[in-house]
Ligand code: APR
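Laid out in structure tokens, this is it:
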């Protein structure tokens, strides 16, 4: 639990914030995290569904896996943690950037606009033939035509697979270099480059906070750790940031 006195004072100079989110922020919406006993990959090797080799070997198996996820993602709703970040954006506007590793659209549904989905989006599709990317809400089948080149059988999920380059990296690095507060929420710190963002922000002089249910691989790097569910912690943290900024301004 955080209290006003814990935070008051040290937030006084926070003008530019980058928040990195991972699967843990959506856990309270009912979306399974990736790792752990009930994780999404439990029972499957990640290489079976989330690598370029998997797409080449079994494109329809991979598409069907993500078809199911896409359908499921349309049934879930933002939780208080997503809603808190939307409130933070209302106050900070362009001085807040949310970078998410999640592909579930819950930040977008909550209303965040300064948002970069670095691992792609379930509700988007990518054409292997022409490279087009399109909003997409249905199942992909062998018959589905690319909306740009009109070819059938060439679509794949617009998800960044292992060993592929995440989206928006230049923009993200620029924001990390110029923020004075970096917060990582609900991410295990296993997957790079996102796991290394704390190092970059730290070296650039930012204060760093980790919000997680548990210790992570990267916990020792953060200046402050807040342990607990994101849905409880973020509304409190966001209120503190907003109150202190208003007081200082
Ligand atoms: N509140 C805060 N943290 C939580 C909560 C919660 N309610 N529930 C779980 N967590 C934490 C866990 O303790 C864990 O550290 O969220 C983290 C989830 O870790 P992962 O499942 O590894 O998810 P993530 O870090 O987002 O994975 C990164 O790996 O598989 C790839 O591309 C995929 O984007 C994903 C990337």
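Numbering (the numbering used here), first residue to last: 118 to 366.
A virtual CB, placed ideally from N, CA and C, is assigned to each residue, including glycine.
Next on the checklist: Tell me whether the segment 353 to 362 and the segment 202 to 217 touch, counting them as touching only if at least three CB pairs, one residue from each stretch, are closer than 8 Å.
Outcome noted: Because the criterion of three Cβ pairs below 8 Å is met, the segment 353 to 362 and the segment 202 to 217 touch.
Checklist entry - From residue 212 to residue 234, what distance separates their C-alpha atoms? => result The alpha-carbon atoms of residue 212 and residue 234 are separated by roughly 17 Å.
Next on the checklist: Judging by CA-CA distance, which residue of 196, 218, 230 is the nearest neighbour of residue 239?
Outcome noted: Closest option to residue 239, Cα to Cα, is 218.
Checklist entry - Any contact of the segment 190 to 200 with the segment 141 to 153, i.e. 3+ C-beta pairs under 8 Å? => result Pairwise C-beta distances place the segment 190 to 200 in contact with the segment 141 to 153, as three or more of them are shorter than 8 Å.
Checklist entry - To the nearest angstrom, how far is it from the Cα of residue 163 to the Cα of residue 190? => result Approximately 19 Å, taken between the alpha carbons.
Item to check | Cβ shell of residue 280 (< 8 Å), same chain only, five flanking positions each side left out | outcome: Same-chain partners within the cutoff: 168, 169.
Checklist entry - So is the beta-carbon of residue 219 under 8 Å away from any non-hydrogen atom of the ligand APR? => result In terms of side-chain proximity, the C-beta atom of residue 219 is found nearer than 8 Å to a non-hydrogen atom of the ligand APR.
Next on the checklist: Looking at the ligand APR, does it come within less than 8 Å of residue 273, judged from the CB to the closest heavy atom?
Outcome noted: Residue 273 Cβ: outside cutoff for every heavy atom of the ligand APR.
Checklist entry - Between residue 345 and residue 328, is the Cβ-Cβ spacing less than 9 Å? => result Yes; because the gap between Cβ atoms is below 9 Å, this pair is in contact.
Checklist entry - So is residue 209 buried or exposed if we call it buried at 16+ other beta carbons inside 10 Å? => result Buried is the call here.
Next on the checklist: Given 8 Å as the limit, tell me if residue 213 has its C-beta closer than that to any heavy atom belonging to the ligand APR.
Outcome noted: Checking every heavy atom of the ligand APR against the Cβ of residue 213, none is found closer than 8 Å.
Checklist entry - Residues in its own chain within less than 6 Å of residue 352 by CB, not counting five upstream and five downstream? => result Take residue 352, set aside five residues on each side of it, and the residues of its chain with a beta-carbon closer than 6 Å to its own are 197, 201, in chain order.
Item to check | Span of the beta strand (DSSP E) around residue 234 | outcome: According to the DSSP assignment, residue 234 belongs to the beta strand (DSSP E) that extends over 232 to 234.
Checklist entry - For residue 187, which of 220, 131, 321, 297 has the nearest alpha-carbon? => result Measuring C-alpha to C-alpha distances from residue 187 to each of 220, 131, 321, 297 identifies 220 as the nearest.
Next on the checklist: Tell me which residue opens and which closes the beta strand (DSSP E) that residue 299 is part of.
Outcome noted: Element bounds for residue 299: 298 to 302.
Item to check | Cross-strand partners of residue 342 (DSSP beta bridge) | outcome: Among the bridge pairs identified by DSSP, residue 342 is matched with 327.
Checklist entry - Touch check for the segment 314 to 333 and the segment 286 to 298: three-plus C-beta pairs under 8 Å? => result Touching, per the Cβ criterion.
Checklist entry - Considering only residues of the same chain and omitting the five flanking positions on each side of residue 123, which have a CB-CB separation below 7 Å? => result Its pLDDT being 47, under 50, residue 123 is placed unreliably by the model, and the measurement read from it follows with that caveat. Correct list: empty, nothing qualifies.
Checklist entry - Secondary structure at residue 250, three-state DSSP: helix, strand or coil? => result Strand, per DSSP.
Item to check | Whole runs of the alpha helix (DSSP H) within the segment 172 to 217, excluding any shorter than 4 residues | outcome: As far as the segment 172 to 217 is concerned, its whole alpha helix (DSSP H) runs of at least 4 residues are 176 to 190, 197 to 209.
Item to check | DSSP beta-bridge partners of residue 237 | outcome: Under DSSP, residue 237 forms a beta bridge with 276.
Checklist entry - Under three-state DSSP, which class holds residue 354? => result Secondary structure at residue 354: helix, using DSSP grouped into helix, strand and coil.
Item to check | Supposed close pair residue 180, residue 257 - CB separation, criterion 8 Å | outcome: About 5 Å separates the CB atoms of residue 180 and residue 257; that is less than 8 Å, so the two are in contact.
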